[in-house]
Every structure is written in structure tokens, then in C-alpha cells.
Amino acid sequence: MTVLITGFEPFGDDMINPSYEAVRMLPDLIGEARIVRCRLPVVFGEAAEILKSEIETHRPQAVICVGLAGGRRAITPEVIAVNLKDARIPDNKGQQPRWVRIDPKGEDGLLSTLPVQAMVDRMQAKGIPAELSYSAGTFVCNEVFYQLMRSAKGSGIEAGFVHVPYSVGMKEGQPAMELEAIARGLRVCVETLSVI
Ligand code: PCA
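What follows is the structure, encoded as C-alpha cells:
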């Protein structure tokens, strides 16, 4: 079976994005699962479109999108995507939607279908800082998460989003995790999937 894992390119004033750096460190095979990686642009609309076409190409049984949430202390599987774009900073193409719906006719919120609590429990059991998050924000990550859950609906694909902290050395005075620890945590998330 195939698990698609995505990370993001850098954005804002950061030179790297630990989400893709950690995804890159994952082995090609985790248990029975073949890992397909993809780096998404931090661009409203485009990132979700690329993700959709990757899903059509690879037909994965599970999709885990990973992004950076600077300031967090732990790896945080997201519980819910909200139907809202409200960008505090411009995306990498200068777009900055303020308080607009992702889908004017869509539901307000869509829940992850990943085993988020089990992921947190298993990461913690291995000494990796982890907790649930109930907000993926209102920037590009949340839009990708919302569109992912919309397209995965009824498809049987297990899908959701995981935010990770800054990696060590990125931002002075901010909480951070070693890139290796972030990658280990993501590996545990994959191992927790019920499809593998
Ligand atoms: N984090 C941003 C977008 C890309 C990323 O890694 C977010 O949380 O929306």
C-alpha cells in the first residue's frame, strides 16, 4: 500500500521548512507502506491543487500532510480543518485573503480521519513531545487540510494534517525540536495508521 506524505517549502522569513525536511528523512518503506513524498508550495489554491493531482496519480490509502506551526512545542496532529482563509502574512505569491471562506457552500469544519489520538499516545510513549491540536490556523496549511478532507470524503482514504514545531537552530528563543525527532515522530504517525 501507499502512503502519501507532504511537507511545505519555506515561507515568510524562514530559509527552511522543517515539515518537508523531516518528510525527506523518512525511509521509503515503513512496515508495509510505500512512502511517496511531495513538497507543496505555500500558495493558496495551488498547494491544494497539486495535492489533489498527487492523490490522483498515486492513489494512496492514506495521506498525511505536514506543515510548520512556529511556536509550538510538540508534534500536533490536527483534529479539524475550518472553512476559512484569514492570512496574517502574504503567501509565497503575495496573496493575502482576509476572512473569506475556502468553499462558500462547504461545511464549517471537517474532521481528520487519521487516528490522531493514537498517534499522540504512541509518540508520547516513545518520548516524543506530542499533543492534539484543535486549530490548524487559517493560512495555507488549513486550506490544504480542508480541501484534502473534502476530496477524501467517501473515498476510504485515511487523511489528515500534522503540524510540527521549528527545528533546532531556526529561530532564536523559540521552542524547537531536533529534525531527527520530528522525523521519528512522523514515522510513528505512519506506523499508527490503521491501513498499514
Ligand atoms: N505552515 C503554514 C503554511 C506552510 C507551513 O509549513 C501554515 O501553518 O499554514
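Residue 56 in the working numbering is what sits at position 50 of the sequence shown, and the numbering runs on without skipping anything.
C-beta atoms are modelled at their ideal positions from N, C-alpha and C, and glycine is treated no differently.
Use the C-beta contact count for residue i: other C-beta atoms within 10 angstroms, 16 or more gives buried, fewer gives exposed.
i      : result
Asp34  : exposed
Lys91  : buried
Gly100 : exposed
Pro83  : buried
Met155 : buried
Ala189 : buried
Val170 : buried
Thr63  : exposed
Ala158 : buried
Asp109 : exposed
If distances are taken between C-alpha atoms only, which option among the options comes closest to residue i?
i      : options                        : result
Ile95  : Thr144, His64, Gly37           : Thr144
Gln102 : Gly18, Ile11, Leu199, Ala189   : Gly18
Leu117 : Cys71, Tyr152, Leu57, Glu178   : Tyr152
Asn203 : Gly13, Met31, Arg40            : The structure shown has nothing for residue 203, since the chain only spans 7 to 202.
Val150 : Leu57, Val29, Thr8             : Leu57
Gly166 : Cys71, His64, Ile41            : Cys71
Gly32  : Gly191, Thr198, Ser200         : Going by the sequence as given, residue 32 is Leu instead of Gly. When each option's Cα is compared against that of Leu32, the closest is Gly191.
Ile61  : Pro181, Asp109, Leu199, Ser161 : Ser161
Val106 : Ala124, Ala131, Asn148, Met7   : Asn148
Thr198 : Met129, Ala187, Lys159, Glu186 : Met129
Gly37  : Met21, Val9, Pro16             : Val9
Pro66  : Ala182, Asn89, Arg40           : Arg40
I think residue i touches residue j, with their Cβ atoms under 8 Å apart; what is that distance to the nearest whole Å?
i      : j      : result
Glu164 : Ala54  : In fact, because the Cβ distance is near 18 Å, the residues do not count as touching under 8 Å.
Val6   : Leu138 : Residue 6 lies beyond the stretch modelled for the chain, which goes from 7 to 202, so this question has no answer here.
Val146 : Val49  : 7 Å
Gly115 : Ala87  : 7 Å
Val196 : Ile81  : Not confirmed; about 12 Å, so no contact.
Does the beta carbon of residue i sit closer than 7 Å to a beta carbon anywhere in chain D?
i      : result
Gln123 : Among the protein chains of the structure shown there is no chain D, as only one such chain exists.
Cβ-heavy atom distance between residue i and ligand 3 below 6 Å?
i     : result
Leu74 : Questions concerning ligand 3 fall outside what the structure shown contains, since the ligands it does hold are ligand 1.
Problem - Segments of 4+ residues assigned as alpha helix (DSSP H) that fall wholly inside the stretch 66-146 - result: Taking only runs of at least 4 residues, the alpha helix (DSSP H) segments lying wholly in the stretch 66-146 are 122-131.
Handout entry: Contiguous beta strand (DSSP E) assignments of at least 3 residues, all confined to the stretch 11-61
Key = Here the runs fully enclosed are 39-46.
Practice task
Could I get the ranges of all uninterrupted alpha helix (DSSP H) runs contained in the stretch 173-199, with 4 residues as the minimum, in chain order?
Solution key: Qualifying alpha helix (DSSP H) stretches, in chain order: 185-198.
Problem - the stretch 128-138 contacting the stretch 36-45, beta-carbon criterion three pairs below 8 Å - result: Contact fails: fewer than three Cβ-Cβ distances are below 8 Å.
Problem - Touching by the beta-carbon criterion (3+ pairs, under 8 Å), the stretch 172-180 and the stretch 73-81 - result: The way I'd put it, the stretch 172-180 does touch the stretch 73-81; three or more beta-carbon pairs between them come closer than 8 Å.
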